[in-house]
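Just add 1392 to wherever you are in the sequence shown, counting from 1, and you've got the numbering used here.
The beta-carbon is built from N, C-alpha and C at its ideal position, and this holds for glycine as well.
What you are looking at is a predicted structure, and each value in this text was computed from that prediction instead of being measured.
A short worksheet on the structure shown next.
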Amino acid sequence: NNAIRQVWDYFAYYPIYWLEKTGNTSSTPKSQSYKGIDGLRCDFAQGLPSQFWEYTINKTRARKWDFIFMAESLDGFREVGGSKRHGVGYRSARHFDILNENIVFYWRDTFFGYPANGGAGTVKTPDTYLTFKAYDDRRVAFDNVTLLNNLVGHDEVFPHNDPYRMAYAYTQIAAIDGAPMLFYGQEAGAQNSKAGYGASEANFGSISANRNFAKYETNFGKVIPNFKTYNHMTNIWNGVARDWTLQAFYGRVNTARLNSPALQSQNVYFLSRKGTNSGYDSKMFAVGKVKTPGLAIQDSSQDIRFVFVNNNHWANTNVANTFDLNAAAPTGSGNYFGIERGRNYNVRDLVSEKPTNFVWSTSRTGADLLDNGLYVGLPYLPSGGTNSFQAHLLQIVDVTAPTLNPNFPSSATYGTTLTLSSANSANTSVTYSLVGGNTNKVSLSGNQLTINSGTGSVTVQAVVAATADRPGATNSGTIAFTKATQTITFGLSPNTALVGDPSRTLIATSVPGRTPTLTSSQPSVASITGNTLYINAAGSTTISASDPGDENYLPAEAVTQTLTVTAADFASLWGNQTPASDANGDGVPALVEYALGGNPNSNNLGVLP
């Protein structure tokens, strides 16, 4: 049908139109998806077929990939043949990102029983199990969509006139997976219309005009703030009735929710009472939320929250109970909340006026919590104050002091640089400092320790710094200094000499580069000055290269070489020349005989040097 096609195209262009008007055009890069409106709430979305929404959503996301669609689908789910995955609400959940369905009616009608449509209202007894059942049913029906958790909406009444009962109910929905929603003015203490509902209702509290909007209208029998004309809540913002304590409480609830992966997760566990009277506490809403079930609390990626709320502080004053924390992890081993028997824990109340303070004066062991449970009391002080709130949002913290074991060697050699390391159960950084011994004989930079001496010792301290959650740890170790070894290399080539040979330079080296001392066992044969060898007479001597060591080096093992010195003879001087090779037959050239003062005509070997 072409008319239907044209209608679909017309309405599917609506998100595109507003994207273009707000800066996201066909030429906007996908990486700039922050441009343009971020999403739309689709009023009465259940009234249009699924195929239309598939077409519209896909067309919009072709322009802006992270565009969010919220569906109003107040008729919810239907149960057919034991399955809740039927009805218009279920269909909407298949296509939309956020589902605005009829959970608001649970709070209005079942939890509070407010006279929304002109009736007298009923006295309700809010019960934890009823809240559990309402959300568990929706989890089964809408498991793939974010549920809008709202107590009120633009066309609904507040389900109660006591702003604190509203705040405590809001704390409950902030603990359930989904998207908790505030109606503007709710955080400041807004109430229903005084003109529409009377100044006082027995079960729902008195109403003040100072807590009202300027204009109201009747919508399906409900008196609600008029959203079809200019409206304001100046009376609420500027009036004497504005409750800053309440506003701060809402701020702490929302801050806790914003910063907690556990509260945002689907991992919700309704707590049972400890002891023979087990089961849910009907008067106190009690749930545990975890980021990763079974993961130890001390793991840096883990997040655990416990939420306790008085269902009705008008009727239930000073409620208290002890709750069982023995929940099994999904893996079948370990605790669902990551509690370990041998570790220590404390809690912070994130909605109290001192949200950074620990609640318990003394930490509790995991064994104590598992064996004896978690006691929670909600004292009723209607005037407000640190302990008055009928809700606790507890962050459980592992406060076990970390173990710290330095991996220091017992000794280290002069000239080496050690990389200091330590094992610590906190798996965090360790700092090092010199606290004793010969600190002037080492240098420390970060975890690099350089040994500058071969004698003495130093004591090094390792520290894991304390955090806001747990104490720190300190441990130390002593490292003794040892002298470095050295190796001498010394050769003598040639290892023979003749009397009268010129001096020569000896070469002896050592690792690590020191200069060995050279000595001759027979200085009369050959003497040494520094590294210069002098030939003095025929004979044999031992040349030694040695190093006695010092405070940094051990003595080196001496290296010896033997030098043999012989007197000069005919063969050594003249080689292959024979005595018959010159005029007088002694083999010495006449010119040499003249030079030495000899007689060229006689045997002159005796005058040779």
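Check: Does the distance from the CB of K1586 to the CB of I1565 come in under 8 Å?; Outcome: no
Check: Is I1731 helix, strand or coil when you go by DSSP?; Outcome: coil
Check: Is DSSP giving E1548 helix, strand or coil here?; Outcome: coil
Check: Mapping the DSSP letters down to three states, classify T1808 as helix, strand or coil.; Outcome: coil
Check: Following the continuous alpha helix (DSSP H) through Q1443, name the residue where it begins and the one where it ends.; Outcome: S1442 to R1455
Check: I'd like to know whether the C-beta atoms of F1873 and S1845 end up nearer to each other than 8 Å.; Outcome: yes
Check: Restricting to Cα atoms, I'd like to know which of Q1578, F1677, L1540 and S1484 is closest to D1554.; Outcome: Q1578
Check: Could you give the first and the last residue of the continuous beta strand (DSSP E) run that contains R1470?; Outcome: R1470 to V1472
Check: In angstroms, rounded to a whole number, what distance separates the CA positions of T1347 and E1943?; Outcome: Any question about residue 1347 goes unanswered here, given that the chain covers just 1393 to 2001.
Check: If I follow the unbroken beta strand (DSSP E) through Q1398, where does it start and stop?; Outcome: First-last for Q1398: N1394 to K1413, but that is the alpha helix (DSSP H), not the beta strand (DSSP E).
Check: For P1894, does the count of other Cβ atoms within 10 angstroms reach 16, so buried, or fall short, so exposed?; Outcome: exposed
Check: Thinking C-alpha only, which one of I1920, T1879 and L1910 is nearest S1902?; Outcome: T1879
Check: So for E1579, helix, strand or coil by DSSP?; Outcome: helix
Check: Taking Q1564 as part of the alpha helix (DSSP H), name the residues at either end of that continuous run.; Outcome: P1555 to A1566
Check: Just the C-alpha distance for S1913 and P1940, rounded to the nearest angstrom, thanks.; Outcome: 17 Å
Check: Among residues of its own chain, excluding the 5 on either side of V1532, which ones have a beta-carbon nearer than 7 Å to its beta-carbon?; Outcome: K1476
Check: Can you find a heavy atom of the ligand PLP that lies under 7 Å from the Cβ of G1726?; Outcome: The model on display carries no ligand, and the ligand PLP is accordingly not part of it.
Check: Going by DSSP in three states, F1641 sits in which element: helix, strand or coil?; Outcome: helix
Check: If you check the beta carbons only, do F1715 and K1666 fall under 8 Å apart?; Outcome: yes
Check: How about V1743 and L1785: do their beta carbons lie closer than 8 Å?; Outcome: yes
Check: Where in the region 1611–1675 do unbroken runs of the beta strand (DSSP E), each at least 3 residues long, occur, reported from the N-terminal end onward?; Outcome: 1614–1617 and 1660–1662
Check: Hey, would you say F1612 sits closer than 8 Å to Y1506, going by beta carbons?; Outcome: no
Check: Please report how far the alpha carbon of A1633 lies from the alpha carbon of E1593, in whole angstroms.; Outcome: 18 Å
Check: Relative to the C-alpha of A1688, which residue among G1726, K1525 and V1739 is closest?; Outcome: G1726
Check: Just checking my contact of L1491 with L1540 at CB under 8 Å: how many whole Å lie between their CB atoms?; Outcome: 6 Å
Check: Closest to D1569 by C-alpha separation, out of N1536, E1548, T1907 and F1781, would be which residue?; Outcome: N1536
Check: Could you spell out the range, first to last residue, of the beta strand (DSSP E) harbouring N1764?; Outcome: Segment G1758 to N1764 is the alpha helix (DSSP H) holding N1764; no beta strand (DSSP E) there.
Check: Of the choices G1680, T1934 and S1755, whose alpha-carbon is the least far from that of A1721?; Outcome: G1680
Check: Since I believe S1932 is in contact with P1954 (beta carbons under 8 Å), could you give me their beta-carbon distance rounded to a whole number of angstroms?; Outcome: Residue identity differs from the one stated: residue 1954 is Thr in this sequence, not Pro. That pair is a contact at about 6 Å.
Check: Quick one: any contact between the region 1427–1440 and the region 1461–1477, if contact means 3 or more CB pairs under 8 Å?; Outcome: yes
Check: Please list the segments of the beta strand (DSSP E) lying wholly inside the region 1782–1866, counting only runs of 3 or more residues, in order along the chain.; Outcome: 1783–1790, 1796–1798, 1803–1805, 1809–1811, 1814–1816, 1823–1829, 1834–1837, 1840–1843 and 1849–1856
Check: Would the beta-carbon of V1702 fall within 8 Å of that of Q1782?; Outcome: In the sequence as displayed, the identity of residue 1702 is Asn instead of Val. Contact flag set, yes.
Check: Alpha carbons only, please: which of N1887, L1762, F1882 and M1625 is nearest the one belonging to F1950?; Outcome: A small fix is needed here, since residue 1950 is Ala in this sequence, not Phe. For the residues N1887, L1762, F1882 and M1625, the minimum Cα distance to A1950 belongs to F1882.
Check: Across which residues does DSSP place Q1953 in a beta bridge pair?; Outcome: I1935
Check: When you compare only the Cα positions, how much space is there between D1519 and Y1498?; Outcome: 12 Å
Check: Can the beta-carbon of R1455 be found less than 8 Å from the beta-carbon of N1416?; Outcome: yes
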